[in-house]
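Engineer: In my numbering, the protein residues as written are 822 to 1087.
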Ligand code: PGA
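This is the structure:
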């Protein structure tokens, strides 16, 4: 049985200002303590604050993440940010395919796949986000939408590179709405994702890959979600803007893994 290390990320989106971003990072760094030994913790501040947040996080073990990247090394791409620029600022992990990039900005599967591949080639870890909209769920298309996004996002990603990849299952209707997916419903999609990874790669890869849940995760519902063995942590938006709440979610992930681990070894 592979024991997957939980992973909790805080996606700050287009929130904070310089002072509050630094303050939030400072509070998280100050309170992460031993938790970083049991859980990967990342924060994704807005691009302009990456450097200041990175300095504030220092060597406490919280990873610096970026919300996006552009899949070209340099050149005439006004407004975009390359992987070299992110690496210059010691970014370790980057989001690709977040639903707001897909549905608000209009990114398609091909661009998302190019971003995933570019980030992996640059040596960054990638959290690739997938998820169905409310209409797609109502129409019974949940499984197909997630399979399609998973497979197109991972096109031409080799099994060796898969170690750098985390999948975030984020049902679009649950993001920022306060409507969290039922733990059972979320777990069913996580299982489906893992089966598809087995099919695309192999059983080992499927057992090892981490799948986060995202969509209205907060300090009250995190424990129930993370109690499901298939759910390896969360990608947290709104609740990650409050250090106390974010750290409570991290603690829930660590505690759930300990409980699941004990249950398995009994
Ligand atoms: P939310 O956002 O926690 O505010 O729903 C999650 C996300 O978009 O990653």
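From the three backbone atoms N, C-alpha and C, an ideal C-beta is built for every residue, glycine too.
Fully enclosed by the segment 864–889, which beta strand (DSSP E) runs are 3 residues long or longer?
Structural biologist: For the segment 864–889, whole beta strand (DSSP E) runs of length 3 or above, ordered along the chain, are 884–887.
Engineer: Suppose only complete runs of 4+ residues qualify. What are the alpha helix (DSSP H) ranges in the segment 950–996, listed by chain order?
Structural biologist: Taking only runs of at least 4 residues, the alpha helix (DSSP H) segments lying wholly in the segment 950–996 are 955–959 and 963–974.
Engineer: Thinking residue 892 and residue 935 are a contact (beta carbons under 8 Å), I'd like their distance in whole angstroms, please.
Structural biologist: Residue 892 to residue 935, Cβ: 4 Å. Contact.
Engineer: Check for me: the beta strand (DSSP E) holding residue 911 runs from which residue to which?
Structural biologist: Unbroken run through residue 911: none, as it is neither H nor E.
Engineer: Note down the Cα distance separating residue 1021 from residue 976, rounded to an integer number of angstroms.
Structural biologist: If I take the Cα positions, the gap works out to 10 Å.
Engineer: Would you report the Cα separation of residue 883 and residue 876, rounded to the nearest angstrom?
Structural biologist: Distance between the alpha carbons of residue 883 and residue 876 is about 11 Å.
Engineer: Among 858, 848 and 881, whose alpha-carbon lies nearest the alpha-carbon of residue 1078?
Structural biologist: Nearest of 858, 848 and 881 to residue 1078, Cα basis: 858.
Engineer: Kindly identify the DSSP beta-bridge partner or partners of residue 898.
Structural biologist: DSSP, once it has assigned bridges, lists no residue as partnering residue 898.
Engineer: Smallest Cα separation from residue 867: which of 901, 1036, 950 and 1033?
Structural biologist: It is 901 whose Cα lies nearest to the Cα of residue 867.
Engineer: Label residue 1002 either buried or exposed according to how many other C-beta atoms from any shown protein chain fall within 10 Å of its C-beta, with 16 as the threshold for buried.
Structural biologist: When all chains shown are included, residue 1002 counts as buried.
Engineer: Do residue 1045 and residue 1004 count as a contact pair if the criterion is CB distance below 9 Å?
Structural biologist: Closer than 9 Å, so yes.
Engineer: Unbroken beta strand (DSSP E) runs of length 3 or more, entirely within the segment 1040–1075: which are they?
Structural biologist: Runs of the beta strand (DSSP E) inside the segment 1040–1075: 1054–1057.
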